[in-house]
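A.B. asks: Each residue of the sequence shown is one higher than the one before, starting from 517 at the first, in this note's numbering.
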Amino acid sequence: MISLKPEHLDAVRRHGETDYPHECCGLLIGRLDAQGNKSVVDTIPISNAREEEARGNRFLITPDELLAGERLARQVGMDVVGFYHSHPDHSAAASQFDLEHAWPTYSYIIVSVLQGKADELLSWELTENRSVFYNEQIRSGE
Ligand SMILES: [Zn+2]
517 MISLKPEHLD
527 AVRRHGETDY
537 PHECCGLLIG
547 RLDAQGNKSV
557 VDTIPISNAR
567 EEEARGNRFL
577 ITPDELLAGE
587 RLARQVGMDV
597 VGFYHSHPDH
607 SAAASQFDLE
617 HAWPTYSYII
627 VSVLQGKADE
637 LLSWELTENR
647 SVFYNEQIRS
657 GE
């Protein structure tokens with residue numbers, strides 16, 4: 517399960533709408549407890565900083581970006597607990613590409629952006645054998 521505040525969900529949706537028709541992506545910073553539950557305390561947009569052509573239309577966080585995010589998170593005593601990205605004019609289901617490029621234990625939040633408007637938002641996590649994603653429960657509270 518992943519817990520986010522409404523403001524974090526709003527930030528993900530807004531980023532998806534701002535970058536439409538391109539995909540947006542970013543990091544989810546927070547804490548991971550012993551049961552594997554995550555609580556998000558901040559979101560860090562990434563695709564804003566990218567060159568137009570480098571964005572393409574596929575979600576990819578480079579190892580450098582992950583490292584920079586982890587460094588930032590550690591400074592405030594936290595970790596990167598997951599990633600978010602948008603699917604412009606597609607559902608919030610994880611794609612085969614997403615599956616092949618995913619790392620275990622992280623959450624992958626996907627927001628569907630239909631004609632510029634944020635729609636469905638789902639979180640995915642790899643199963644232990646890394647063969648498929650399962651739909652992770654999102655808890656949104658204060
Ligand atoms: Zn995707």
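Where is the CB? At the ideal position from N, CA and C, for every residue including glycine.
What distance in whole Å lies between the Cβ atoms of Leu543 and Ile560, which are believed to be in contact at a cut-off of 8 Å?
C.D. replies: 4 Å
A.B. asks: Tell me whether Ile577, by its Cβ, gets closer than 7 Å to a heavy atom of ligand 1.
C.D. replies: no
A.B. asks: Does DSSP classify Glu616 as helix, strand or coil?
C.D. replies: helix
A.B. asks: For my contact list, Pro620 and Leu637 are in at a C-beta cut-off of 8 Å; report their separation, rounded to the angstrom.
C.D. replies: Pro620 to Leu637, Cβ: 22 Å. No contact.
A.B. asks: Is Ala609 helix, strand or coil when you go by DSSP?
C.D. replies: Ala609: coil per DSSP, three-state reduction.
A.B. asks: Does DSSP put Glu652 in a helix, a strand or coil?
C.D. replies: In the structure shown, Glu652 sits in a strand (DSSP, three-state: E or B).
A.B. asks: Taking a contact to mean a Cβ-Cβ separation below 8 Å, would you say Val627 touches Tyr536 in this structure?
C.D. replies: No, they are not a contact pair.
A.B. asks: Under 7 Å Cβ to Cβ from Gln591, same chain only, skipping five residues before and after it: list those, please.
C.D. replies: none
A.B. asks: Find the nearest neighbour of Val648 within the set Arg655, Lys633, Ala610, judged by alpha-carbon distance.
C.D. replies: Ala610
A.B. asks: How about Ile518 and Gly598: do their beta carbons lie closer than 8 Å?
C.D. replies: yes
A.B. asks: Measuring only the C-alpha atoms, how far is Leu525 from Asn651?
C.D. replies: 16 Å
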